[in-house]
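Enquirer:
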Amino acid sequence: MGKFTLHRALQMFPLLIMISVVAFGLLKSMPGDPLDRMLEDNPDFTYEDYVRLRAIYGLDDPFYVAYFKWASQAVTGNLGYSRQYKVPVLKLILPRLQNTLVLTTLAFVIAITAALTIGTISAIKQYSIFDYVSMGLTFMGNSLPNFWLGLMLIILFSVQLHWLPPGGIMSTDVPNGFWERALDRGKYLIMPVFITAFSEMTAWARYTRNSLLDVLQLDYLRTARAKGVGEQTVIVRHALKNSMLPLVTVIGAGFTRFFAGAVIIETVFSYPGMGKLMFDSVMGNDFVVSMAILMMLAYLTLWGNLLADIAYGWLDPRIRYD
Amino acid sequence: MAREIAAPTRVLPRYEERQVRIISLKSIIFARFIRNRAAVFGFLVVALLVLYAFAGPLLTPYTPDQVNLRERFAPPSVIMLTTGKIYNLDAIQQVSAENQFRFGHPLGTDDLGRDTMTRSMFGGRVSLGIGFIVAITSTVMSAFLGALSGYLGGWWDNIIQRANDVSHALPDLPILMILSKIFPPGFWTMCLILLMLGGIRGGRITRAMVLRLKKEQFTEAAISSGAQWHRLIFRHFIPNSLSPLFVSVTLGAGGAIRTETSLSYLGLGIQPPMPSWGNMLSNAQQYFFSAPWLVFYPGIFIFLTLMCFNMVGDGLRDAFDPRMTKR
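In order, the protein sequences belong to chains A and B. Residue numbers for the first sequence follow this note's numbering, so the first one is 1 and each next one is one higher. Residue numbers for the second sequence follow this note's numbering, so the first one is 1001 and each next one is one higher.
#1: Counting C-beta neighbours from all protein chains within 10 Å, is the total for residue 162 of chain A 16 or more, i.e. buried, or is it exposed?
#2: Measure the C-alpha to C-alpha separation of residue 1042 of chain B and residue 131 of chain A and round it to an integer number of angstroms.
#3: Looking at residue 139 of chain A: is its Cβ nearer than 8 angstroms to the Cβ of residue 196 of chain A?
#4: For the structure I just gave you, are there three or more beta carbon pairs, one from the region 140 to 155 of chain A and one from the region 1243 to 1263 of chain B, closer than 8 angstroms?
#5: Which residues in chain A sit within 9 angstroms of residue 1339 of chain B, going by Cβ to Cβ distance?
#6: Between the C-alpha atoms of residue 1112 of chain B and residue 1274 of chain B, what's the straight-line distance to the nearest angstrom?
#7: Assuming residue 1234 of chain B and residue 1213 of chain B make a contact with CB atoms under 8 angstroms, what is their CB distance in whole Å?
#8: With a 10 Å radius around its C-beta and 16 neighbouring C-beta atoms as the bar for buried, classify residue 60 of chain A as buried or exposed.
#9: Can you tell which of A:262, A:66, A:62, A:118 has its C-alpha closest to the C-alpha of residue 107 of chain A?
#10: Can you round the beta-carbon distance between residue 1102 of chain B and residue 1080 of chain B to whole angstroms, since I take them to be within the 8 angstroms contact cut?
#11: Residues in the same chain with beta-carbon distance under 6 angstroms from residue 15 of chain A, minus the five sequence neighbours each way, listed in chain order, please.
#12: Any Cβ of chain B within less than 8 angstroms of the Cβ of residue 175 of chain A?
#13: Terminal residues of the continuous alpha helix (DSSP H) containing residue 1125 of chain B?
#14: What's the C-alpha gap between residue 5 of chain A and residue 307 of chain A?
#15: Using 8 angstroms for Cβ pairs, my map puts residue 1197 of chain B next to residue 1178 of chain B. What's the rounded Cβ distance?
#16: Buried or exposed for residue 42 of chain A, going by 16 or more other Cβ atoms inside 10 Å?
#17: Under the three-state reduction of DSSP, which class applies to residue 1326 of chain B: helix, strand or coil?
#18: Would you call residue 287 of chain A buried or exposed, if buried means 16 or more other Cβ atoms sit within 10 Å of its Cβ?
#19: Just checking: is the beta-carbon of residue 152 of chain A within a distance shorter than 8 angstroms of some beta-carbon in chain B?
#20: Note the first and the last residue of the continuous alpha helix (DSSP H) segment covering residue 979 of chain B.
#21: Restricting to Cα atoms, I'd like to know which of B:1220, B:1040, B:1126 is closest to residue 1187 of chain B.
#22: Which runs of the alpha helix (DSSP H) spanning at least 4 residues fall entirely within the region 231 to 306 of chain A, listed in chain order?
#23: Please work out which residues of its chain come closer than 6 angstroms, Cβ to Cβ, to residue 1138 of chain B, disregarding the five sequence neighbours upstream and downstream, and give them in chain order.
#24: For residue 139 of chain A, name the three-state secondary structure that DSSP assigns.
#25: What do you reckon, are the CB atoms on residue 1135 of chain B and residue 1252 of chain B nearer than 8 angstroms?
#26: Determine, for residue 1072 of chain B, whether the minimum Cβ-Cβ distance to residues of chain A falls below 8 angstroms.
#27: For the region 253 to 264 of chain A, which residues have a beta carbon sitting closer than 7 angstroms to at least one beta carbon of chain B?
#28: I need the boundaries of the beta strand (DSSP E) containing residue 1072 of chain B, first residue and last residue.
#29: Given a threshold of 16 other Cβ atoms within 10 Å of its Cβ, counted over all protein chains shown, does residue 1310 of chain B qualify as buried or as exposed?
#30: Out of A:267, A:266, A:272, A:207, state which residue places its alpha-carbon closest to the alpha-carbon of residue 240 of chain A.
#31: Identify the residues that DSSP records as bridge partners of residue 8 of chain A: which are they?
#32: Taking 8 angstroms as the cut-off, decide whether the C-beta atoms of residue 122 of chain A and residue 209 of chain A are in contact.
#33: With 16 as the cutoff for other CB atoms within 10 Å, does residue 1220 of chain B come out buried or exposed?
#34: If we call anything under 8 angstroms between Cβ atoms a contact, is residue 1280 of chain B one with residue 1123 of chain B?
#35: In terms of residues, what are the limits of the beta strand (DSSP E) holding residue 1102 of chain B?
#36: Quick check on residue 191 of chain A - is its C-beta less than 8 angstroms from some C-beta in chain B?
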């Protein structure tokens, strides 16, 4: 197992290099660069300055030179300097990465808990009212565009009922204290977390139900019941663990979608995370910031896939990776 | 849902007397699909939406970019007075000789007095059109790449699969945002962008099927009778893995519409004044308080479309492969 994990972790590096080449190539072909903005904003900025700065920033370098310059800096931990925000990229990204991780981790935990609960109950009580209602709702929820759901929730809870703030991350007038702060953050997190969790949960709940139904027919469960194992233990320890296998694959593949979903949810709720920063940096031609975010998201995604593989081996001891 | 059509009779009559009905696979699949009520419902709604988007503009008295500043933010009403201002049932009561009622705005108007219903029809042309075109082209492309990768193996397989890995590791929305900055967005470039990602991403199913089919005897027979690689792929492998492809077209159409509307909502997809269900929402966001219908209706169209495509996709999957049937 340890050997396999190491092997897979090492495999990530060539893939990361390939990803960085593709991402760099794509970003490099985007029209416009930071200097165009300077040229527009500053009337004293002459064409000679423009040419001089282009040479200094290396904007005229051919692709491979620019890539190696970036890569040799990136491996030392220097991800560049944001021309839009006038700060080093790392300083810009880290707080936002934290915000995004808070959002996605909370959503992830909630989505898995809800999916397992709903899926298990509706599999055990197949064809019950709960089953029909929850499966109908998850089917509909699967088809809801999440940004629209966000807008509708804002209309309902912020505009009509005034219960929750429509967007942002914290109030300006909070007393200094951990619990007050946490409560305040929580109020801002409810809607984005709910939507991020909901859009993935719906699919996961359906998977849980279907794979649990497959497992529930198997003979070994009858054996377990026959030798007197309690019903709860049969479901949780015997059936659920085995039925998790297909779900783990789906969750592993869904990792990317979580971060991609963050882009649009963070934009809807103007939540200062990586997704919103990605959007702003693409719109503002802030090349290095987009590049750093893309690489970070790709890295997180690869780790997500790796964790899914490890979980797979843990859930099914028959699977050996050697 | 899908029970077997031709249930064998328990007591078989003598051989000569046996009544044999020959049923083709196609008709079995069709019958299974028809029996799935949700799938038929979804199909009908998609058909209605297509009709609404493509035939609706013949009936509406407005054009999608017809600005009418007198009727800004008119709430949804089927009838209205000629002067505007008064809508729905009140309009009937206040009708007079010089102030007749006429056809109103069933889904309201936006900040420039443009009719939301007419715009949603033209937006539907864009969104549904992109959905169908992208789903079909990207399924064909990914099936071809997958088949090629599975058939050729070796270096080709390695290259195509690594491209696949890379495209899966990159979060789709950010990449699409960058692509839509590179290719200035319009209807066809939007299709191209979505095809670029979708075409590379799919293909794993076809690859797996081809790897299986390669070992079948008919493949050996085809090779020994001199079939070239393209004949094998197009005549043997792809037709044999057709059923998942049909499903992926239907589900892919929903996915493409979802992505297109998300991008257009962010302002990186279809650009105004051309309407799309997505960019109608992005204009509407600032009028939450005064005109909630602007947010509501385009979203309902997206929601209905996605749900019905999912229903049809599930129905097709069940019809093609009864083992996959959900209970």
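Where a beta carbon is used, it is the ideal one built from N, C-alpha and C, also for glycine. Quick caveat, the model's predicted, so the values are computed rather than measured.
Expert: Let's see:
#1: For the purposes of this step, residue 162 of chain A is taken as the residue at position 162 of the first sequence. Residue 162 of chain A is exposed by the Cβ-count criterion.
#2: Residue 1042 of chain B sits at position 42 when you count from the first residue of the second sequence. Residue 131 of chain A sits at position 131 when you count from the first residue of the first sequence. Each residue's Cα considered, the two are about 21 angstroms apart.
#3: Here the question's residue 139 of chain A lines up with position 139 in the first sequence. Here the question's residue 196 of chain A lines up with position 196 in the first sequence. No, the pair does not count as a contact, with Cβ atoms beyond the cut-off.
#4: yes
#5: Residue 1339 of chain B falls outside the range modelled here, since chain B spans only 1001 to 1327, and no answer is possible.
#6: As a working mapping, residue 1112 of chain B is identified with position 112 in the second sequence. As a working mapping, residue 1274 of chain B is identified with position 274 in the second sequence. Using only the alpha carbons, I get a separation of about 14 angstroms.
#7: Your numbering for residue 1234 of chain B matches position 234 in the second sequence. Your numbering for residue 1213 of chain B matches position 213 in the second sequence. The pair is not a contact, with the Cβ atoms about 13 angstroms apart (cut-off 8 angstroms).
#8: Position 60 of the first sequence holds residue 60 of chain A. Exposed, since its Cβ has fewer than 16 Cβ neighbours within 10 Å.
#9: Translated into positions along the first sequence, residue 107 of chain A becomes position 107. Residue 107 of chain A has its Cα closest to that of A:262, out of A:262, A:66, A:62, A:118.
#10: The sequence position of residue 1102 of chain B within the second sequence is 102, counting from 1. The sequence position of residue 1080 of chain B within the second sequence is 80, counting from 1. Contact flag correct, Cβ pair sits at about 7 angstroms.
#11: Locating residue 15 of chain A in the first sequence gives position 15, counting from the first residue. Excluding positions up to five away in sequence, the list is empty.
#12: Counted from its first residue, the first sequence places residue 175 of chain A at position 175. False, the Cβ-Cβ gap to chain B never drops below 8 angstroms.
#13: As a working mapping, residue 1125 of chain B is identified with position 125 in the second sequence. Residues 1116 to 1152.
#14: Position 5 of the first sequence, counting from 1, holds the residue named residue 5 of chain A. Position 307 of the first sequence, counting from 1, holds the residue named residue 307 of chain A. Their backbone Cα atoms lie some 9 angstroms apart in a straight line.
#15: Residue 1197 of chain B sits at position 197 when you count from the first residue of the second sequence. Residue 1178 of chain B sits at position 178 when you count from the first residue of the second sequence. Actually they are not in contact, since the Cβ atoms of residue 1197 of chain B and residue 1178 of chain B sit about 11 angstroms apart, beyond 8 angstroms.
#16: Mapped onto the first sequence, residue 42 of chain A falls at position 42. Classification of residue 42 of chain A: exposed, given that the 10 Å Cβ count is below 16.
#17: Counted from its first residue, the second sequence places residue 1326 of chain B at position 326. Low local confidence applies: a pLDDT of 47 at residue 1326 of chain B is under 50, so the model's placement there is unreliable, and no value is given.
#18: Position 287 of the first sequence, counted from the first residue, corresponds to residue 287 of chain A. Buried, since its Cβ has 16 or more Cβ neighbours within 10 Å.
#19: Here residue 152 of chain A corresponds to residue number 152 of the first sequence, with the count starting at 1. Cβ-Cβ to chain B under 8 angstroms: yes for residue 152 of chain A.
#20: Coverage of chain B is limited to positions 1001 through 1327, which leaves residue 979 of chain B absent and any answer about it impossible.
#21: Position 187 of the second sequence holds residue 1187 of chain B. For the residues B:1220, B:1040, B:1126, the minimum Cα distance to residue 1187 of chain B belongs to B:1126.
#22: 241 to 268, 274 to 283
#23: On the second sequence, position 138 is the one that residue 1138 of chain B refers to. For residue 1138 of chain B, where only same-chain residues beyond five positions count, the Cβ hits under 6 angstroms are 1195, 1198, 1199.
#24: As a working note, residue 139 of chain A is residue 139 in the first sequence. Helix at residue 139 of chain A.
#25: Taking the second sequence and counting its residues from 1, one reaches residue 1135 of chain B at position 135. Taking the second sequence and counting its residues from 1, one reaches residue 1252 of chain B at position 252. Their beta carbons are under 8 angstroms apart, which means residue 1135 of chain B touches residue 1252 of chain B by this criterion.
#26: Within the second sequence, numbered from 1, the residue matching residue 1072 of chain B stands at position 72. Not an interface residue.
#27: 256, 259, 260, 263, 264
#28: On the second sequence, position 72 is the one that residue 1072 of chain B refers to. Neither: residue 1072 of chain B is in no beta strand (DSSP E) and is coded neither H nor E.
#29: As a working note, residue 1310 of chain B is residue 310 in the second sequence. Buried is the call here.
#30: Translated into the one-based positions of the first sequence, residue 240 of chain A becomes position 240. Checked all of A:267, A:266, A:272, A:207; the closest Cα to residue 240 of chain A is A:207.
#31: As a first step, residue 8 of chain A must be located in the first sequence, where it is residue number 8. Paired residues: none, contrary to the question.
#32: As a first step, residue 122 of chain A must be located in the first sequence, where it is residue number 122. As a first step, residue 209 of chain A must be located in the first sequence, where it is residue number 209. Taking 8 angstroms as the Cβ cut-off, residue 122 of chain A and residue 209 of chain A qualify as a contacting pair.
#33: Here residue 1220 of chain B refers to the residue found at position 220 when the second sequence is read from its first residue. Exposed, since its Cβ has fewer than 16 Cβ neighbours within 10 Å.
#34: On the second sequence, residue 1280 of chain B is found 280 positions in, with the first residue counted as 1. On the second sequence, residue 1123 of chain B is found 123 positions in, with the first residue counted as 1. In contact: residue 1280 of chain B and residue 1123 of chain B (Cβ atoms closer than 8 angstroms).
#35: Your numbering for residue 1102 of chain B matches position 102 in the second sequence. Looking at the DSSP string, the run of the beta strand (DSSP E) that includes residue 1102 of chain B is 1101 to 1105.
#36: If you number the first sequence from 1, residue 191 of chain A lands on position 191. Not closer than 8 angstroms to any Cβ of chain B, the Cβ of residue 191 of chain A fails to qualify, so no.
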